[in-house]
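In the working numbering, the protein residues as written are 19 to 517.
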């Protein structure tokens with residue numbers, strides 16, 4: 019059983035993926051058909067409701083917990099029921115049935131979605147504790163980023179013995195820090211039972227056994243950064259496809275079978291940032307993974323693939339607008355012999371998809387680079403230039419001024435991890451739904467580019483929109499994943515099938 023989650027991937031996101039595959043002038047999608055669409059055509063299709071216990075809109079922790087346990091969860095809980103009890107996960111059920119298990123994410127191993135499949139904690143922010151839970155989880159393969167939650171606090175002192183010991187394990191794969199508040203080294207605790215991998219070459223060399231792979235200090239590269247270095251033989255990070263195929267290679271050695279969860283987690287982050295170009299690339303990256311998994315499974319009769327999401331992010335849509343208006347055209351058909359074809363609105367040209375694809379870096383990377391400049395160079399003029407270098411779209415100087423303008427925080431809450439600043443970047447409408455502090459500059463940029471991209475955004479958070487539910491495999495299994503079930507129903511079905 020292979021469960022693939024596109025974090026934040028609602029129907030609008032799947033629609034964008036399919037439109038790019040079919041209609042982009044220079045589409046790179048094989049046969050101009052998204053792999054997710056291919057599975058829809060070959061298997062079962064439904065919609066999944068995602069709300070947590072006691073609320074209408076879910077976060078990733080509650081939604082992933084409901085998928086992993088089949089139990090209703092409260093907001094931001096990890097592996098717990100709505101009443102606060104420990105909820106056994108599908109990983110535990112698979113192990114009880116003698117199967118092997120794996121979890122993969124391109125975020126952090128301790129992030130909400132992957133953590134919900136092997137940990138039990140009262141809140142998603144307890145990433146250090148989620149990492150420690152891994153040691154008792156029995157999970158066979160865990161591949162992701164987030165080393166900072168696994169190594170002792172002392173590594174922040176570059177002269178310490180702890181730093182040197184960790185450097186000897188990690189090698190030169192990447193720079194690392196610690197977010198722990200103790201001196202537990204979970205790598206040393208795991209090393210007796212797990213093979214450790216910190217770069218793609220080490221991962222490729224592992225052929226069997228249990229594996230813990232941590233390939234970044236925090237999150238792994240976004241899809242645009244990955245694409246930029248994909249052909250570089252010296253790159254250290256494995257791709258989502260590489261991690262998935264390696265996990266399958268290892269887990270499939272168990273004759274009793276396996277359960278594997280794969281998360282494309284940064285679709286969600288692009289949605290939070292209202293970053294359409296990055297979202298397209300994140301969707302394409304996940305679709306490559308779906309295609310690779312399907313190619314591995316297509317001649318088998320013992321494998322179930324389920325593709326879904328935990329929620330939709332961004333309230334995103336591709337929409338028609340009032341400008342620029344299309345020019346009149348001559349058509350050869352008899353209906354238009356006396357008339358020219360001229361729609362009254364801008365219904366979005368196919369070439370818009372190619373322009374979205376041409377984005378060179380994410381908004382997050384762009385603003386990270388902007389913030390690294392000397393303060394005197396962090397000007398509207400510089401931001402305008404950087405946007406022009408990063409995307410085919412343009413902002414005016416006044417747009418740049420607006421993006422860098424601040425406003426009183428409409429949701430200010432003293433001491434809150436996200437709402438604790440008294441001023442935030444300016445968002446002119448729906449500001450209550452833009453909650454992530456300095457990240458609001460990315461939302462402001464996305465809104466400034468929206469008319470050129472034919473994109474609309476309704477929020478910087480999540481929506482309650484039901485998400486696609488796609489299944490492929492034996493009909494006796496896929497028939498469970500049609501209609502409009504709740505995520506707890508899907509979780510129960512997954513657990514029953516894996517037992």
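Using N, Cα and C, we set each Cβ at its ideal position, and we do this for glycine too.
Among 403, 298, 203, 450, whose alpha-carbon lies nearest the alpha-carbon of residue 371?
For residue 371, the nearest C-alpha among the options comes from 298.
Since residue 81 is in the alpha helix (DSSP H), which residue starts that stretch and which ends it?
Its alpha helix (DSSP H) spans residues 78-87.
Count the other CB atoms within 10 Å of the CB of residue 495; is the residue buried (16 or more) or exposed (fewer)?
By the Cβ neighbour-count rule, residue 495 is buried, with 16 or more other Cβ atoms within 10 Å of its own.
Exposure of residue 334, with buried meaning 16 or more beta-carbon neighbours within 10 Å
Around the beta carbon of residue 334, a 10 Å sphere encloses 16 or more other beta carbons of the protein chains shown; the residue is thus reported as buried.
Taking the C-alpha atoms as reference points, what is the distance between residue 162 and residue 86?
If you take the alpha carbons of residue 162 and residue 86, they lie about 18 Å apart.
Quick check for students: name the residue ranges of the alpha helix (DSSP H) that lie wholly in the segment 303-391, counting only runs of 4 or more.
The segment 303-391 contains, as complete alpha helix (DSSP H) runs of 4+ residues, the segments 369-375, 381-389 (chain order).
Selection from 459, 346, 425, 474 that minimises the alpha carbon distance to residue 339
Ranking 459, 346, 425, 474 by Cα distance to residue 339 puts 474 first.
Taking the straight line between their C-alpha atoms, what separation do you get for residue 220 and residue 256?
Looking at the two C-alpha atoms, the distance is approximately 10 Å.
With a threshold of 16 other CB atoms inside 10 Å of the CB of residue 249, please say whether the residue is buried or exposed.
With fewer than 16 Cβ atoms within 10 Å of its Cβ, residue 249 is classed as exposed.
Contact under 8 Å by Cβ, residue 492 with residue 319
In contact: residue 492 and residue 319 (Cβ atoms closer than 8 Å).
Can you give the beta carbon distance from residue 523 to residue 505, rounded, assuming they're within the 8 Å contact cut?
Lying outside 19 to 517, the shown extent of the chain, residue 523 is not represented and no answer is given.
Check the C-beta distance from residue 466 over to residue 417 and give it rounded, since I have them as a contact under 8 Å.
Confirmed, Cβ separation roughly 5 Å.
Nearest by alpha-carbon distance to residue 331: which of 314, 292, 345 is it?
Relative to residue 331, the option among 314, 292, 345 whose CA is nearest is 292.
Just verifying my parser: in three-state terms, what is the DSSP assignment at residue 238?
DSSP places residue 238 in coil when its eight states are reduced to three.
Mind checking residue 344: buried by the 16 CB within 10 Å criterion, or exposed?
Its Cβ having fewer than 16 others within 10 Å, residue 344 is exposed.
Flag this pair as yes or no: are the beta carbons of residue 90 and residue 98 separated by less than 8 Å?
No.
Tell me the DSSP secondary structure of residue 496 in three-state form.
Of the three classes helix, strand and coil, the one that applies to residue 496 here is helix, per DSSP.
Taking the beta carbon of residue 481 as the centre, do at least 16 other beta carbons fall within 10 Å, making it buried, or is it exposed?
Buried, because 16 or more other Cβ atoms sit within 10 Å of the Cβ of residue 481.
Taking the alpha-carbon of residue 479 as reference, which of 501, 449, 218, 487 has the nearest alpha-carbon?
Measuring from the Cα of residue 479, the nearest candidate turns out to be 449.
If you measure between the beta carbons of residue 64 and residue 361, is that distance less than 8 Å?
Cβ distance not < 8 Å, so residue 64 and residue 361 don't count as in contact.
Element boundaries [alpha helix (DSSP H), containing residue 64]
From DSSP, residue 64 is part of no alpha helix (DSSP H) but of the beta strand (DSSP E) over 62-66.
So the alpha helix (DSSP H) residue 152 belongs to, where does it begin and stop?
Taken as a continuous stretch (DSSP letters only), the alpha helix (DSSP H) holding residue 152 covers 145-152.
Within 10 angstroms of the Cβ of residue 264, are there 16 or more other Cβ atoms? Answer buried if so, exposed if not.
Under this definition residue 264 is a buried residue.
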